[in-house]
């Protein structure tokens with residue numbers, strides 16, 4: 001059993017499965033110094049951005065090809081030992097933790113851009129390519145890949161967690177943007193799903209079964225995603241509001257009107273203060289919408305005029321524009337650094353991030369009650385949201401050595417998730433279930449649907465070696 | 475075994491499973507006159523728009539509720555008898571045929587619009603609601619459901635086949651537009667998948683596993699889909715081109731430029747002639763693009779200007795506009811009636827429809843060689859295409875009593891699919907696999923991926939009673 005730690009009340013107690021020396025020997029024989037059992041390497045692969053402490057994996061294999069992954073999986077399968085895929089380690093929900101022991105397969109060296117098909121608006125990459133690397137690789141084509149979860153995550157990891165982020169309100173999530181995959185199955189076989197055609201009705205949608213499967217059905221080794229023409233015009237603007245409610249109502253109305261806004265982020269006043277300090281900005285210290293408009297110059301102008309009108313009706317300030325690429329980058333970097341700005345605001349703290357998403361009309365209800373609860377708790381927090389999708393994140397900033405603060409944070413999260421579910425929403429908009437949301441998943445999907453997921457898992461991974469103990473208990 | 479018919483060379487020979495009288499008795503006890511064994515009713519449910527002849531189902535149950543479906547499935551399961559869901563009967567690939575015998579469950583009476591959530595841009599309907607009925611029900615909200623496969627199909631059937639059609643180039647397919655489902659599983663249990671939230675990372679994407687599963691994993695009973703604000707401005711236009719190539723190159727370029735065109739349909743000169751005759755139109759008898767632009771008045775104007783310029787470069791005629799709703803409806807009705815216009819052009823004929831989809835840059839290659847082959851064959855045909863997605867349909871018009879003509883048509887289809895696959899495409903863009911494309915699916919996806927589909931099927935439907943013998947042989 002795991003040694004009890006401060007956080008084990010959140011991690012189901014399961015057997016750490018034995019990793020026989022014969023497997024380690026076989027991996028070392030196959031991978032030489034690309035199989036490491038050094039404690040520092042194991043520990044680095046035994047944690048992520050979540051706040052769980054579990055023992056590290058028994059070894060780390062640095063895969064450089066699909067064949068490497070297939071061989072590592074086949075060897076682990078022969079010994080019924082878990083395989084945990086690892087990209088850049090940016091998971092927020094404990095996906096990378098070796099809760100049942102096993103071997104971490106690090107795909108970060110699988111970082112080749114395999115094919116840029118600019119004329120088809122697609123690109124095929126290995127799983128370890130990060131989103132920034134991908135965008136650098138396609139820059140000269142005039143195309144871009146919009147999905148942006150903040151972290152410079154690997155495309156493999158983003159596929160496995162069905163990631164999205166700031167641009168999803170216009171361009172969709174990994175669900176909509178992955179066209180095809182190469183996957184190593186639990187037996188070490190290599191299969192392909194999907195094609196580069198934009199649509200298909202050919203059989204079960206295995207692509208979307210793997211997108212969001214969190215490594216529990218196989219290891220994603222190659223991904224083909226859609227690209228988009230870089231917009232002719234881009235403008236970013238901020239607008240400050242007298243209240244969160246006013247900002248949210250403005251957002252709801254622009255979505256209901258069908259404004260094709262590319263990004264609309266809510267930043268609460270706590271976060272504005274933290275960001276100002278961290279990024280040396282002087283944003284007005286009020287709840288704020290940070291927006292971006294993409295399109296032809298005329299379309300950008302029209303969108304902005306519509307939104308300015310809506311904002312005005314809710315007491316929003318005039319837009320402050322960031323029209324040059326440099327100003328835009330500064331603003332979005334500041335937004336993406338909100339987590340670090342928040343962590344800096346309370347030295348030594350850890351953040352527990354929530355991730356609910358609700359139907360857009362219920363966003364104000366869900367958010368305002370949860371803000372009230374968070375304020376009442378006295379726990380410091382920050383609040384940011386991809387509000388155009390009804391998705392937002394509280395980050396509760398807690399002292400990791402104070403179990404009471406953790407309990408307060410978890411209670412707030414429980415209440416928030418219960419509220420989101422009662423409003424027709426989901427317990428996770430983009431981070432995934434991982435370890436943290438297994439209980440919530442049953443509340444959300446129902447026991448029957450979760451049992452169907454388990455049935456699929458058992459059928460495709462009969463030895464339960466693919467990232468076991470994530471999404472649901474097995 | 476099936477009695478041999480003219481078409482059985484295309485239908486795998488499988489056992490018609492016995493339907494015990496005890497099951498019929500139990501169904502009659504439960505459903506009274508809503509369970510019919512009248513030959514006329516069975517025959518009506520034993521065919522679709524495909525050209526296969528197989529014996530009809532043993533009985534038809536007219537379900538009026540999810541509980542009806544669940545009970546019918548549970549009874550059939552107790553006797554290991556197949557269940558074939560039936561919507562409006564518009565399948566083109568034999569999905570509705572009782573190839574292994576069994577019970578047809580007709581959901582057309584499950585035609586309630588359950589919830590219009592206009593402020594969230596969603597609607598929840600029973601499976602038997604048709605797309606026109608859905609659009610009538612939401613008309614007063616200023617929203618619409620864009621997916622339009624031509625036929626007034628049921629939303630359940632459209633979900634089950636991952637349908638799309640003319641608007642998909644802008645609004646996506648059923649894959650992108652179904653948010654949540656209620657499904658009766660193979661054991662007669664009722665589960666729900668997804669939520670009304672726009673995005674989620676909560677566990678396996680069961681919604682998209684059922685979308686496109688062609689009734690083989692369960693019966694879809696309720697569907698929540700996305701709606702869109704009715705565009706402020708809509709314009710439709712036709713442009714005639716000196717060649718198919720010119721029309722296709724114009725299309726490829728508009729997609730590569732990112733023009734958000736709502737519809738762009740290719741109609742070849744054969745089809746223009748047939749449509750003119752059938753719909754009493756006087757379209758110029760040349761290859762034609764039929765287009766529709768949605769957006770603000772300015773955006774529609776900009777889009778149209780860009781496309782006109784591209785068309786001109788390829789020798790396209792000036793646009794002929796259809797700006798009033800009546801003119802537009804007349805044009806699109808004519809397009810949707812292309813199949814009937816074609817059938818009328820050769821009295822007594824049957825059409826075999828192809829459905830390949832390729833990456834947009836390969837569309838000209840794929841189409842032009844296939845046109846040449848079709849012309850060389852001497853078989854009459856029509857050709858229409860959702861060319862903005864790289865998807866097109868040949869309809870070969872053959873004498874059903876002439877096996878040679880059928881062989882010619884099937885040979886053309888084989889060559890076309892092989893070409894599409896070699897260009898990175900799919901054997902079916904929107905019709906589904908059904909009976910007709912099982913062999914092609916293996917060519918496209920590979921034996922490993924198809925075996926994974928079978929594994930999922932066996933796990934979720936261990937008695938193989940859900941529409942067996944479709945997608946893959948079992």
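Chains as they are written, first to last, in my numbering: chain A, 1 to 474; chain B, 475 to 948. Idealized CB from N, CA, C, for every residue including glycine. As the structure is a computational prediction, the values presented were derived from the model and not from experiment.
- In terms of Cα proximity to residue 318 of chain A, the closest of A:214, A:105 and A:304 is A:304.
- Within the region 854-933 of chain B, the beta strand (DSSP E) runs of at least 3 residues that lie entirely inside it are, in chain order, 855-860 and 865-872.
- DSSP, read as helix, strand or coil, puts residue 193 of chain A in strand.
- Neighbours of residue 373 of chain A in chain B, taken as residues at a C-beta separation under 8 angstroms, are lacking, since the least C-beta distance is about 20 angstroms.
- Taken atom to atom, the span from the alpha-carbon of residue 873 of chain B to that of residue 230 of chain A is near 50 angstroms.
- The three-state secondary structure of residue 337 of chain A, taken from DSSP, is coil.
- Taken in chain order, the whole beta strand (DSSP E) runs of length 3 or more contained in the region 62-108 of chain A are 83-86 and 103-106.
- Within the same chain, and ignoring the five residues on either side of residue 657 of chain B in sequence, the residues whose Cβ sits closer than 6 angstroms to its Cβ are 665, 684, 692 and 694.
- Of all residues in the region 126-149 of chain A, none places a beta-carbon less than 8 angstroms from a beta-carbon of chain B.
- If you look at residue 289 of chain A, you'll find it in the beta strand (DSSP E) that goes 288-295.
- The residue from B:848, B:861, B:933 and B:720 with its alpha-carbon nearest to that of residue 765 of chain B is B:861.
- Inclusion of residue 867 of chain B and residue 828 of chain B in the CB contact set at 7 angstroms is warranted, their separation being smaller than that value.
- Judged by pairs of C-beta atoms under 8 angstroms, the region 711-724 of chain B does not touch the region 606-623 of chain B, as fewer than three such pairs exist.
- Collapsing the DSSP output to three states places residue 465 of chain A in coil.
- In the three-state scheme derived from DSSP, where H, G and I count as helix and E and B as strand, residue 588 of chain B is classed as strand.
- Around residue 948 of chain B, the same chain offers 928, 931, 938 and 942 as residues with beta carbons nearer than 7 angstroms, after the five sequence neighbours per side are excluded.
- Here residue 635 of chain B is not near residue 655 of chain B, since their CB atoms are 7 angstroms or more apart.
- When C-alpha distances from residue 379 of chain A are compared across A:277, A:270 and A:311, the shortest belongs to A:270.
- Between residue 419 of chain A and residue 357 of chain A the beta-carbon gap is near 12 angstroms, outside 8 angstroms, which marks them as no contact.
- Using a C-beta cut-off of 8 angstroms, the region 493-500 of chain B makes contact with the region 546-565 of chain B, since at least three inter-stretch Cβ pairs fall below that distance.
- With its beta carbon at least 7 angstroms from every one in chain A, residue 645 of chain B lies outside the interface.
- Residues of the same chain with a CB within less than 6 angstroms of the CB of residue 34 of chain A, apart from the 5 flanking positions on each side, are 62 in chain order.
- Residues of chain B whose Cβ lies closer than 9 angstroms to the Cβ of residue 453 of chain A are, in chain order, 677, 678 and 680.
- Contact check for residue 670 of chain B against residue 596 of chain B passes: the beta carbons are separated by less than 7 angstroms.
- The beta-carbon distance between residue 516 of chain B and residue 543 of chain B, rounded to whole angstroms, is 19 angstroms. This is too long to meet the 8 angstroms contact definition.
- Taking 7 angstroms as the CB threshold, residue 626 of chain B stays off the interface with chain A.
- Shown in chain order are the members of the region 854-868 of chain B whose Cβ falls below 8 angstroms from a Cβ of chain A: 863, 864 and 865.
- When secondary structure is reduced to three states using DSSP, residue 735 of chain B falls in the coil class, being assigned neither helix nor strand.
- A Cβ-Cβ distance of about 6 angstroms is found for the pair residue 599 of chain B and residue 697 of chain B, placing them in contact under the 8 angstroms criterion.
- Taking 7 angstroms as the CB threshold, residue 347 of chain A stays off the interface with chain B.
- Secondary structure note for residue 126 of chain A: its beta strand (DSSP E) is the uninterrupted segment 122-126.
- Put simply, the backbone Cα of residue 75 of chain A is about 17 angstroms away from that of residue 215 of chain A.
- Put simply, the CB of residue 298 of chain A is near chain B, with a gap under 7 angstroms to one of its CB atoms.
- Sixteen is the threshold: since fewer than 16 other Cβ atoms of the shown chains lie within 10 Å of the Cβ of residue 15 of chain A, the residue is exposed.
- At a cut-off of 7 angstroms, the C-beta of residue 551 of chain B has no neighbouring C-beta in chain A.
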